[in-house]
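Numbered continuously in my numbering, the sequence shown closes out at residue 427.
Here's the structure we're looking at; comments come further down.
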Amino acid sequence: MAAEIKELLKEHGTKKIGEVQLAQVYQGMRGITGLVTETSLLDAQEGIRFRGYTIPELQQKLPKAENGSEPLPEGLFYLMLVGELPSEDDVHHLTSVWQRRSHVPNHVFATIEALPVSTHPMTQFVVAVMALQTESLFAKRYAAGMNKKDYWDPAFDDAMDLIARLPRIAAYIYRRKYKNGEHIQPNGLLDWAGNFAHMMGYGDESFIELMRLYMTIHADHEGGNVSAHTTHLVGSALSDPYLSYAAGMNGLAGPLHGLANQEVIKWIFEMREELKTEAPSKEQIGNYVRATLEKGKVVPGYGHAVLRKTDPRFTAQMEFGKKHMPDDPLVQTVWNIYEAVPPILKSLGKIKNPWPNVDAHSGALLVHFGMVEYEFYTVLFAVSRALGVLASLCWDRALSFPIERPKSITTALVKRWLKGEDEIWGD
Ligand SMILES: CC(C)(COP(=O)(O)OP(=O)(O)OC[C@H]1O[C@@H](n2cnc3c(N)ncnc32)[C@H](O)[C@@H]1OP(=O)(O)O)[C@@H](O)C(=O)NCCC(=O)NCCS
């Protein structure tokens with residue numbers, strides 16, 4: 001792959017792939033192509049494809065647990081990393097490798113315990129990942145002196161270890177914060193997502209299926225989103241996978257990114273309280289949406305920087321809801337919001353995508369099974385996101401991607417440039 005890219009750049013390296021307008025530089029670099037991420041690609045109209053496969057295709061083609069119908073996230077990781085669909089054996093192998101590598105040293109739990117229980121679960125999670133950085137093989141081998149060509153090797157080991165250990169850490173935080181610190185030991189016979197559900201205290205088969213689906217659909221969303229881009233950016237400084245992933249997850253903890261899933265359910269709970277009903281009508285929802293907008297707030301779970309249609313990750317969760325809990329009033333409210341919100345957002349004229357994203361649905365499914373602690377939802381997202389960003393990081397090191405360093409400018413320079421008194425150089 002590295003040789004192929006070298007050849008490709010030798011022949012076509014000077015080809016232009018776009019022009020940059022001044023507004024794009026000020027507006028979050030939207031629409032500027034500036035990154036290579038092999039694991040997935042987002043199409044504005046049809047949504048995410050992982051190595052070419054849509055979510056419905058993955059649901060069909062990836063191996064499942066015995067008696068299960070949702071894909072095992074192990075299979076998606078294999079697909080993103082290797083680029084080919086795994087066999088049943090490949091997936092079972094990965095399950096057992098992650099089981100073997102899942103030991104979390106005691107100092108990590110002690111570090112979590114040093115924080116007040118009231119600390120946001122995402123803060124506890126990232127602090128724990130930082131404490132786990134003591135285990136980084138990449139950092140050790142780099143310090144000992146490593147040939148550039150070998151970077152991918154300990155990066156891969158760190159990625160595998162970290163993914164294997166994250167469910168234990170996340171479940172520990174959940175039980176610590178919400179279940180009086182009554183922890184549940186891992187079950188070595190379960191798959192990665194199943195064991196995660198078990199350690200959080202959820203044994204229901206449908207919940208385990210939900211975790212498999214959840215861990216699959218939240219794993220990756222091409223490379224430019226805040227969590228993926230940050231992991232890649234920090235990794236480009238040759239910070240090890242623990243440091244890079246922790247950095248990315250600090251971005252996921254922002255309300256415009258991964259924290260939106262907690263915002264959605266909070267917003268729905270507040271709406272139900274204000275309207276004094278568990279099942280608000282579409283008209284009531286419409287009025288509440290308008291009131292939210294009048295207060296200068298965003299409608300959480302709606303809109304996207306790249307997507308221009310209903311997020312297929314929303315649709316996959318809606319299908320899950322129809323199969324497992326069609327009569328749940330909260331889930332039905334999510335579906336009514338789906339009918340009420342887009343026309344209102346469209347009528348404002350400025351919102352580029354009035355359709356729901358992944359976060360609009362996830363909380364209601366979790367609440368159905370009793371997981372009402374919405375501050376924890378972003379941690380679930382973070383565990384899943386590890387699959388994509390760490391598979392990508394392995395490729396970053398394998399392909400020897402250099403340190404990332406775009407050029408920035410000042411408004412004073414822009415003004416001089418507009419008057420023809422100065423130049424803006426791309427270097
Ligand atoms: C996801 C999001 C950050 C994308 O931002 P973006 O690319 O700047 O979106 P747009 O270009 O459509 O924004 C244009 C305008 O519409 C507003 N807008 C976008 N989505 C909105 C929403 N759901 N509710 C209200 N206003 C919204 C923006 O705030 C912006 O307003 P401004 O010009 O007054 O600053 C944005 O849609 C949002 O804040 N959504 C709610 C939070 C959320 O669900 N995040 C999870 C994303 S997966």
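We put the beta carbon where it would ideally sit given N, CA and C, even for glycine.
Given the structure is predicted, the values throughout are model-derived calculations rather than measurements.
One alpha carbon belongs to residue 369, the other to residue 14, and they sit about 54 Å apart.
Straight through space, the alpha carbons of residue 274 and residue 267 are spaced by roughly 10 Å.
Secondary structure of residue 176 (DSSP, three-state): helix. With three or more CB-CB distances shorter than 8 Å, the segment 254-263 counts as touching the segment 354-368. By the Cβ neighbour-count rule, residue 17 is exposed, with fewer than 16 other Cβ atoms within 10 Å of its own. For residue 344, the uninterrupted alpha helix (DSSP H) segment begins and ends at 329-348. In this structure, residue 345 has its beta carbon less than 7 Å from a heavy atom of ligand 1. Taking 8 Å as the upper bound for CB-CB distance, residue 44 and residue 298 are not in contact here, some 20 Å apart. Proximity of the beta carbon of residue 295 to ligand 1 is not indicated: no heavy atom of the ligand is located closer than 7 Å. Of 32, 181, 2, 394, the smallest CA-CA separation from residue 163 is found for 394.
Boundaries of the beta strand (DSSP E) harbouring residue 49: 47-50, taken from the DSSP string.
Between the alpha carbons of residue 283 and residue 337 lies a distance of about 10 Å.
For the pair of segments examined, the segment 300-320 was found not to touch the segment 386-405: the number of CB pairs separated by less than 8 Å stays below three. Assignment of residue 85 by DSSP, reduced to helix, strand and coil, places it in the coil class. Take residue 254, set aside five residues on each side of it, and the residues of its chain with a beta-carbon closer than 7 Å to its own are 226, in chain order. Below 8 Å, too few C-beta pairs join the segment 328-336 and the segment 227-234 to call them touching: fewer than three. Between the C-alpha atoms of residue 51 and residue 71 there is a straight-line separation of about 15 Å. Take residue 375, set aside five residues on each side of it, and the residues of its chain with a beta-carbon closer than 7 Å to its own are 120, 121, 262, in chain order. In this structure, residue 245 and residue 81 do not form a Cβ contact; the two beta carbons are roughly 15 Å apart against a cut-off of 8 Å.
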